[in-house]
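Asker: Chains as they are written, first to last, in my numbering: chain Y, 1 to 314; chain R, 1001 to 1305.
We treat Cβ as the ideally placed atom computed from N, Cα and C, and that holds for glycine.
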């Protein structure tokens, strides 16, 4: 019981902190922290979506950043072509991510293990090159979005606080959805497939179909993060799809605790704050971050959630 | 005609370079079951070492040889200090740990050599065009790359198939526990294989260096191509890696060279020039997708079960 409360207490503390952050920001006049945390929340959303297939589904996708780009480019391209309404942009972003996930998933799920890692990586890199070749939409240089998605007065994305709460609501919504999925019959089948695919197949479950649906759900969720991210930066470029970004997302999931509901959020907060902190100390922050990752892999089993659980028990 | 022959040779040369990279990757994966993303960093280090040593000694060949030795040593050090602890762990752990190593190497290079790229100038005797067919000249250096890579491929083949160490390597690839139980020093063998893979990656890097600039991140894009090759060729298979590498090198080079013209005959000029760069960079991935649909295990899987 005690172990449960240790990780629960920290999670609750973090969530309360996230909800109250705009209050602190407006009281202290620190606008930077609000911008930073908007980014953190969006990437936490992406990490949570990756956790659905990686932690619960056992599918190690190394190409999840592609959806960030697809969602972002859907918003950017539509804005460029004069379609500013968020009611069009967001559904298109989600649909485009879903279709991409369907195609890539159908191909990648023919393989498993390390092949799956490499193939999702290669396809994401393909998406990166395609975006770099889009001369009409800025190519390598990326695409500036001059006007954020317009929700016709319902919510103003240019207002920092409103946008922050929109992102936070999306994050909570996605986590709620994941919670429902994981505990549904569908989710149990997917988790069963992670443990033993052959047995599940022998019982009579069409393994690939379940995994594919899970893959598409996860991709669609990450497409939402992409659309939000593009609105946050007012800019989208092939760089958001670069494979190191996919690696970052994986690190966030592992760091926080794979297969836990709030682990990826924790991972995103810690990873991005650490990055911010280290980059203020030294320009060469990756020199510390790299070996740190190595150490986390070697010694930090189960991520932060795992460590908290063990600390509570010990 | 001239262009076709030239591009054909370029494709061969690129394919052979890719093979050097993919061979090390597939050996390490086949034997140690280790996914090494940092393989591309070793490629980059090979190029940086070569540029530095060549500048020190004033001789391209001497610099290249020293760089080869340096990447071998670096690979061994890396294996002993870090990667050795990852054997037998989950593949995901490998991916993350070696991802961390990439961050480290990129940043270390930025710290030591600075953010700007380096150039590795060729000696005069390697820059002359060589007549290969009547009326067709080809740069001597690219011919040298083809020759060296073919030689290395041959040596690798002989070494793996005909020597005692090669026999152990093959045995290790098919059953690790068993050769350990037979009293073979597995630790030493692993270190050796990793060092060999590192040296091959370094060789690819230092040979590519004079053609491209030596820069941070140069190993990353080519690493993904090496992954594609391994997926197409079948993990753990050197023969598969060789054939797939030549194939991918050819398709990539020829696609980039001729696809724009081909498209221009089908589509209007503007549409063709928009679609061509995107399509030619997609070509290899489409190829990989097709291979996956037809043969999910790759074209030449190392072990059939």
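At 4 residues or longer, and completely inside the segment 62-114 of chain Y: list those alpha helix (DSSP H) runs for me, N to C.
Answerer: 65-80 and 86-108
Asker: Tell me whether residue 965 of chain R sits in a helix, a strand or coil according to DSSP, three-state version.
Answerer: What is shown of chain R runs 1001 to 1305, which leaves residue 965 of chain R out entirely.
Asker: How many angstroms separate the CA atom of residue 121 of chain Y from the CA atom of residue 131 of chain Y?
Answerer: 15 Å
Asker: Answer with buried or exposed for residue 1001 of chain R, where buried requires no fewer than 16 other C-beta atoms within 10 angstroms of its C-beta.
Answerer: Its Cβ having fewer than 16 others within 10 Å, residue 1001 of chain R is exposed.
Asker: Going by Cα to Cα distance, which pick from Y:301, Y:19 and Y:232 is closest to residue 35 of chain Y?
Answerer: Y:232
Asker: Considering only their Cβ atoms, is the gap separating residue 189 of chain Y from residue 205 of chain Y smaller than 7 Å?
Answerer: yes
Asker: Between residue 53 of chain Y and chain R, is any beta-carbon pair separated by less than 7 Å?
Answerer: no
Asker: Using only the alpha-carbon positions, how far apart do residue 212 of chain Y and residue 106 of chain Y sit?
Answerer: 7 Å
Asker: Start and end of the alpha helix (DSSP H) containing residue 1157 of chain R?
Answerer: 1140-1162
Asker: Using a Cβ-Cβ cut-off of 7 Å, state whether residue 1041 of chain R counts as contacting chain Y.
Answerer: no
Asker: I'd like to check one pair, residue 1296 of chain R with residue 110 of chain Y: are the Cβ atoms closer than 7 Å?
Answerer: Residue 110 of chain Y places its beta carbon less than 7 Å from that of residue 1296 of chain R.
Asker: Quick check: the segment 1005-1020 of chain R against the segment 1243-1262 of chain R, are at least 3 beta-carbon pairs closer than 8 Å?
Answerer: yes
Asker: Where does the unbroken beta strand (DSSP E) through residue 1182 of chain R begin, and where does it stop?
Answerer: Per DSSP, residue 1182 of chain R lies in no beta strand (DSSP E) and is assigned neither H nor E.
Asker: Let me know if residue 1109 of chain R comes out buried or exposed under the rule of 16 or more other beta-carbons within 10 Å of its beta-carbon.
Answerer: buried
Asker: Would you say residue 7 of chain Y and residue 308 of chain Y are within 7 Å of each other, going by their C-beta atoms?
Answerer: yes
Asker: Out of R:1117, R:1139 and R:1133, which has the shortest C-alpha to C-alpha gap to residue 1125 of chain R?
Answerer: Among R:1117, R:1139 and R:1133, the Cα nearest to that of residue 1125 of chain R is on R:1139.
Asker: Quick one: give me the first and last residue of the alpha helix (DSSP H) that residue 270 of chain Y is part of.
Answerer: 263-281
Asker: Could you tell me whether any Cβ in chain Y is nearer than 7 Å to the Cβ of residue 1224 of chain R?
Answerer: Under the 7 Å criterion on CB atoms, residue 1224 of chain R is classed as interfacial with respect to chain Y.
Asker: Per DSSP, residue 143 of chain Y forms a beta bridge with which residues?
Answerer: Y:236
Asker: What in chain Y is Cβ-close to residue 1236 of chain R, meaning under 8 Å?
Answerer: Those within 8 Å of residue 1236 of chain R in chain Y number zero; the least Cβ separation is about 11 Å.
Asker: State buried or exposed for residue 82 of chain Y, treating a residue as buried only when at least 16 other CB atoms are found within 10 Å of its CB.
Answerer: exposed
Asker: Just the chain Y side, please: which residues come within less than 7 Å of residue 1014 of chain R by C-beta, in chain order?
Answerer: Per Cβ cutoff of 7 Å: no residues; residue 1014 of chain R is ~16 Å from chain Y at best.
Asker: So what does residue 1137 of chain R bridge to, in DSSP terms?
Answerer: R:1131
Asker: What do you reckon, are the CB atoms on residue 1277 of chain R and residue 133 of chain Y nearer than 7 Å?
Answerer: yes
Asker: Alpha carbon to alpha carbon, how far is residue 19 of chain Y from residue 89 of chain Y?
Answerer: 27 Å
Asker: Quick check for students: name the residue ranges of the alpha helix (DSSP H) that lie wholly in the segment 1025-1091 of chain R, counting only runs of 4 or more.
Answerer: 1039-1057 and 1060-1081
Asker: Suppose you measure from the CA of residue 1319 of chain R to the CA of residue 1221 of chain R; what does that come to, to the nearest Å?
Answerer: With chain R covering 1001 to 1305 only, the question about residue 1319 of chain R has no answer from this structure.
Asker: For residue 1077 of chain R, which residues in chain Y fall below 8 Å Cβ to Cβ?
Answerer: Neighbours of residue 1077 of chain R on chain Y: none; closest Cβ ~14 Å, over 8 Å.
Asker: Quick check: the Cα distance between residue 77 of chain Y and residue 222 of chain Y, rounded to an integer number of angstroms?
Answerer: 18 Å
Asker: From what residue to what residue does the alpha helix (DSSP H) around residue 1248 of chain R run?
Answerer: DSSP places residue 1248 of chain R inside the alpha helix (DSSP H), whose first and last residues are 1238-1266.
Asker: How far does the alpha helix (DSSP H) with residue 201 of chain Y in it reach, from first residue to last?
Answerer: 197-203
Asker: So, with DSSP's three-state summary, where would you put residue 1121 of chain R?
Answerer: coil
Asker: If I measure Cβ to Cβ from residue 278 of chain Y and keep anything under 7 Å in the same chain, skipping five residues before and after, which residues do I get?
Answerer: 285, 288 and 289
Asker: Mind checking which residues open and close the alpha helix (DSSP H) that includes residue 288 of chain Y?
Answerer: 286-299
Asker: Between residue 1121 of chain R and chain Y, is there a C-beta pair that is closer than 7 Å?
Answerer: no
Asker: Name, please, each residue of chain R whose Cβ falls closer than 7 Å to the Cβ of residue 111 of chain Y.
Answerer: 1292 and 1296
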